[in-house]
Amino acid sequence: MAAVKIPPCIWAERKDKVIFTVNVPGLRQEDCTVELEENGNVSFLCGNVYNLQFTLLKAVDVKKSKWGVAGRGVVFEIFKKEEGWWGKMVKDAKPRWLSCDWNRWMDEDDEVEIPDNLDMGNMGGFNMDDAAEPPEDEEEEDGNDMPSLEADSEPAPEEAPKKPEEEEEKKDEA
């Protein structure tokens, strides 16, 4: 009989749930047994090969929670009994087989409602020609108190035209 293995797992947190993935490709849902209790006890058995048991940090809503085989493993969507951020998944110290799912991770201050189906059809166009120059009636305020170089400046004084006599004198001197 083969030794029982603890599979590598990843997790991510939301305010209302924990997303937990067992990273083992090729599993079939009918070969796996999952038990979830309201106090957070989780048991995952798959055939005679994989066995995983742990206790979540806080109580969960067993009726809303679900699991299934997807992609390269088994994905659990475990809903929290009370909304809030846990900061860690299990009561005990972090196990070696557990790491963060950075593709699904979201910090408390990053969480925004993301609709399931984004409808981009109502977005208006953006004309780059309009953005190139500000409207003529608006003055740009750049917060600089220095006077403009163009405003109130006097034109450079022009040299007085030379008299033909002065030009002749310069020729004679040379």
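Quick note, the sequence shown lines up with residues 1485 to 1658 if you use the working numbering.
Virtual Cβ for every residue (Gly too), placed ideally from N, Cα, C.
Note that the structure is predicted; figures quoted are calculated from it, not measured.
- In the DSSP assignment, Glu1567 falls outside any beta strand (DSSP E) and carries neither an H nor an E.
- Looking at Gly1555, Ile1562, Ala1543, the one whose alpha-carbon comes closest to that of Ser1549 is Ile1562.
- Straight through space, the alpha carbons of Leu1520 and Val1544 are spaced by roughly 9 Å.
- In its chain, beyond the 5 residues on either side, Thr1505 have a beta carbon closer than 6 Å to the beta carbon of Val1559.
- Put simply, of Gly1571, Val1502, Asn1532 the residue whose alpha carbon is nearest the alpha carbon of Ile1490 is Asn1532.
- Here Trp1551 is bridged, per DSSP, to Phe1560.
- Cα atoms of Pro1492 and Trp1581: separation of roughly 5 Å, rounded to the nearest angstrom.
- Ranking Glu1522, Gly1571, Met1573, Asp1515 by CA distance to the CA of Cys1530 puts Asp1515 first.
- Taking a C-beta distance under 7 Å as the contact criterion, Leu1540 and Phe1528 do not qualify as a contact pair.
- Per DSSP, the beta bridge partners of Lys1501 are Phe1563.
- Counting of Cβ neighbours within 10 angstroms places Val1488 among the exposed residues, the total staying below 16.
- Take Trp1570, set aside five residues on each side of it, and the residues of its chain with a beta-carbon closer than 7 Å to its own are Glu1497, Leu1541, Lys1542, in chain order.
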